[in-house]
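Residue numbers for the first sequence follow the numbering used here, so the first one is 216 and each next one is one higher. Even glycine gets a Cβ: it sits at the ideal position worked out from N, Cα and C. Computed from a predicted structure; not experimentally measured.
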Amino acid sequence: MLLAGPEEASPRRLSASAWVDEVRAHPLNRWVWNDTRQWYPALLAAGVEARRCRDLRLAHEILRTSAHVTEPAHLRAAAQWRSADADALVPAVDAAMTLFDLDGGAPRGVPTDFDEVRAEFDRQRAAVATAIHADRLQLLLAAESAGALLAAELHAAGLPWSRAVHEGILDDRLGARSSTGRHPARVEALAAEVRAALDDPTASLDSQPKLLRALHRAGVLATSTSRWELARFDHPVIAPLLAYKKLMRLLSANGWAWLDEWAPDGRFRPVYVPSGVVTGRWASSGGGALQLPRDLRPAVRADPGWVLVVADVAQLEPRVLASMARDETLAAAARGTDLYSGIVAGGVVTTREEAKFAMLGAMYGATTGDSGRLVPALRRAYPRAMGLVDEAARVGDDGGVVTTWWGRSSPPPGPDWRGVQSAAGAPEASEADRTRARRSARDRGRFTRNFVVQGTAAEWAAAWLADLRTQLAAFPLVSDEAAAPASGPVFSRRAHLAFFLHDEIIVHAPREQAEQAAEAVRLAADRATALLFGTFPIDFPLDLRIADDAAKA
DNA sequence: AGTCCCCGCGCG
DNA sequence: AAAGCGCGCGGGGACT
Numbered sequence: 216m217l218l219a220g221p222e223e224a225s226p227r228r229l230s231a232s233a234w235v236d237e238v239r240a241h242p243l244n245r246w247v248w249n250d251t252r253q254w255y256p257a258l259l260a261a262g263v264e265a266r267r268c269r270d271l272r273l274a275h276e277i278l279r280t281s282a283h284v285t286e287p288a289h290l291r292a293a294a295q296w297r298s299a300d301a302d303a304l305v306p307a308v309d310a311a312m313t314l315f316d317l318d319g320g321a322p323r324g325v326p327t328d329f330d331e332v333r334a335e336f337d338r339q340r341a342a343v344a345t346a347i348h349a350d351r352l353q354l355l356l357a358a359e360s361a362g363a364l365l366a367a368e369l370h371a372a373g374l375p376w377s378r379a380v381h382e383g384i385l386d387d388r389l390g391a392r393s394s395t396g397r398h399p400a401r402v403e404a405l406a407a408e409v410r411a412a413l414d415d416p417t418a419s420l421d422s423q424p425k426l427l428r429a430l431h432r433a434g435v436l437a438t439s440t441s442r443w444e445l446a447r448f449d450h451p452v453i454a455p456l457l458a459y460k461k462l463m464r465l466l467s468a469n470g471w472a473w474l475d476e477w478a479p480d481g482r483f484r485p486v487y488v489p490s491g492v493v494t495g496r497w498a499s500s501g502g503g504a505l506q507l508p509r510d511l512r513p514a515v516r517a518d519p520g521w522v523l524v525v526a527d528v529a530q531l532e533p534r535v536l537a538s539m540a541r542d543e544t545l546a547a548a549a550r551g552t553d554l555y556s557g558i559v560a561g562g563v564v565t566t567r568e569e570a571k572f573a574m575l576g577a578m579y580g581a582t583t584g585d586s587g588r589l590v591p592a593l594r595r596a597y598p599r600a601m602g603l604v605d606e607a608a609r610v611g612d613d614g615g616v617v618t619t620w621w622g623r624s625s626p627p628p629g630p631d632w633r634g635v636q637s638a639a640g641a642p643e644a645s646e647a648d649r650t651r652a653r654r655s656a657r658d659r660g661r662f663t664r665n666f667v668v669q670g671t672a673a674e675w676a677a678a679w680l681a682d683l684r685t686q687l688a689a690f691p692l693v694s695d696e697a698a699a700p701a702s703g704p705v706f707s708r709r710a711h712l713a714f715f716l717h718d719e720i721i722v723h724a725p726r727e728q729a730e731q732a733a734e735a736v737r738l739a740a741d742r743a744t745a746l747l748f749g750t751f752p753i754d755f756p757l758d759l760r761i762a763d764d765a766a767k768a
């Protein structure tokens, strides 16, 4: 059951087939539905695109907790719309789903009943109407919903993936694949080297406790087996062991098994989870889409006659911070392409690396080490920007809630956190109680410090994506297959988004649309900046290239 | 056999 | 080299 139609008109009930016809006839309408994941994959498979929507499930989550919503009581009472309660019931995106299911499938997840869907839409409109910064919340809900559409489209499109290139990298790095169930040749050779250096022919290298004991027996008194700690030791076992660990990582995370499971047909199709992170960042599920190793990027390869437009934003988070805080000094340092060089040019620190670690330290809450040591210099140079994150940390430390530019609020502290704090305040509290409470308050302060920046950066990225997606939807189809019966996503015949990772996008484009797509990417970034920050003088420069593969320069 | 947690490492 | 934020995943091991 769907609630459909432009929001100005009165909602109507539609059968699935009537709805498909309706979407085709009125592509510019905004469709309101309970949960994009429940309907859109099947529609895409049927060759139907939705241009705009309101995803009530995602919007509910934002509005229920936003500090800018002054009257949340009705929304909060509608617990059936909470994702956390409903998610366990939502079928996997890839579940065999046909258009018949749209009418007859057993309803699961958030409510599908027409009247309940309409009631939730009304609750949300009322909540926004009385909210502070209602205009920003509207933008957030629109961007969030566009993200929901895009997530389904990205999955349907897939990231073009060359099995041959991937296999070539594996052969090159790991050596020949064993046919006898053993590790590949180079991995086996390194394992033998490690065991020889340990003088322990049966040492187990893949079990952390066993490896640590074997190292101790050989005189390497490490406390962990992490790469950073092992690298400090001067012992013949270290070099082959680190090499072994590196190769084993490639083998287990992105080896032949990964290739067979996640890119069997020349497309990598992760499940994207918009707002899967509390800050509003996307998460992903399956295949490790958010952790594709740099070394494997050459395997991302455009189809014949197509190219990739690969673009990322340079230093997105510090630029967002400067804009939120209206810090014109930091914004001036950010002018041009490299914010960190701008900080050095301002005489704040002496090297680009120092500028980078100081800025990361300021946004993450570093207190010790080189990073923590450099933060005070930044605080002196950019009091407005640093004041914003310091204040966010103070609020979190104090048990409060912080909110992004467009109105997404951090979760309030849970009962465990409050329990630790109140225990430390009791008369009989021990020093250990107070220490634990201070540490937990600081931990939360670092979280809220980062939340406002990471969350607003996610909003900038969402605005960028939504604008770009709309632009690309107007590109002409390039093949003459339009006359053929619809099958598969329509957008696979024109430039379309194929990947998104926090501050980076990949567009897969027919060669003749490449320049136009690249221009759309740039224009979308400029519009996103204006949409969030108006006329504040800040640059969000893109690193953009058009290439056959996505290898980093 | 299934479930949970830890460790380590990949990404932004 | 830097230890500060947010994730997902695979492997091992402890437990039921």
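In this structure Leu-545 is in contact with Tyr-597, their Cβ atoms being roughly 4 Å apart against a cut-off of 8 Å. Taking the Cα positions, Ser-419 is about 15 Å away from Ser-439. Distance check between Trp-254 and each of Ala-454, Ala-762, Arg-269, Asp-612 places Arg-269 closest, using alpha-carbon atoms only. The C-beta separation of Leu-352 from Ala-346 comes to about 5 Å, placing the pair in contact by the 8 Å criterion. Taking Arg-464 as reference, the option from Arg-484, Arg-442, Ala-412 with the minimal CA-CA separation is Arg-442. By the Cβ test, the region 500-513 is not in contact with the region 745-762, since fewer than three Cβ pairs between them sit closer than 8 Å. It is roughly 55 Å from the alpha-carbon of Ser-281 to the alpha-carbon of His-450. DSSP places Ser-637 in the uninterrupted alpha helix (DSSP H) bounded by 630-640.
Boundaries of the alpha helix (DSSP H) harbouring Ala-349: 349-372, taken from the DSSP string. Per the C-alpha coordinates, the member of Gly-520, Leu-405, Val-492, Val-380 positioned closest to Gln-669 is Val-492.
Taken through DSSP and simplified to helix, strand or coil, Ala-274 comes out as helix. Here Pro-242 is near Arg-266, since their CB atoms are less than 7 Å apart. Around the CB of Gly-324, 16 or more other CB atoms lie within 10 Å, so the residue is classed as buried. Taking one beta carbon from each stretch, the region 656-671 and the region 615-623 have 3 or more pairs nearer than 8 Å; the two touch.
The Cβ-Cβ distance between Gly-611 and Gly-660 falls below 7 Å.
The bridge partners DSSP lists for Ile-753 come to none. Annotation: Arg-496 to Met-601 spans about 22 Å, alpha carbon to alpha carbon. Taking C-beta atoms as the reference points, His-348 and His-431 fail to come closer than 7 Å.
Taken in chain order, the complete alpha helix (DSSP H) segments of 4 residues or longer contained in the region 451-487 are 453-469, 471-477. Where Ser-538 is concerned, the enclosing alpha helix (DSSP H) starts and stops at 531-539. With contact defined as three or more Cβ pairs closer than 8 Å, the region 521-533 and the region 753-760 are in contact. Around the beta-carbon of Arg-272, 16 or more other beta-carbon atoms lie within 10 Å, marking it buried. At a Cβ-Cβ threshold of 7 Å, Pro-256 and Gln-295 do not count as neighbours.
Looking at the backbone, the Cα of Glu-719 and that of Arg-651 are separated by about 39 Å. In the DSSP assignment, Ile-721 is bridged to Val-525, Phe-714. The three-state secondary structure of Ser-439, taken from DSSP, is coil. Each residue's CA atom was taken as its position, placing Thr-565 and His-717 some 29 Å apart. Following the DSSP letters along the chain, one finds Trp-376 in no beta strand (DSSP E), marked with neither H nor E. In the DSSP annotation of this structure, the continuous segment of the beta strand (DSSP E) that includes Arg-245 starts and ends at 245-248. The DSSP-derived three-state label of Arg-267 is strand.
Only residues of its own chain outside the window of five on either side were considered, and among them Arg-651, Ala-652, Ser-655 have a CB closer than 7 Å to the CB of Val-635, listed in chain order. Annotated three-state conformation of Ser-500 is strand, per DSSP. Counting along the chain, Val-343 sits inside the alpha helix (DSSP H) bounded by residues 329-344. Counting only residues of its own chain and dropping the five nearest sequence neighbours on each side, Glu-335 has a CB closer than 8 Å to the CB of Asn-249, Leu-271, His-275, Ala-293, Trp-296, Pro-326. Classified as buried, Gln-530 has 16 or more neighbouring CB atoms from the shown chains inside 10 Å of its CB. Going by C-alpha positions, Val-604 is about 40 Å away from Leu-436.
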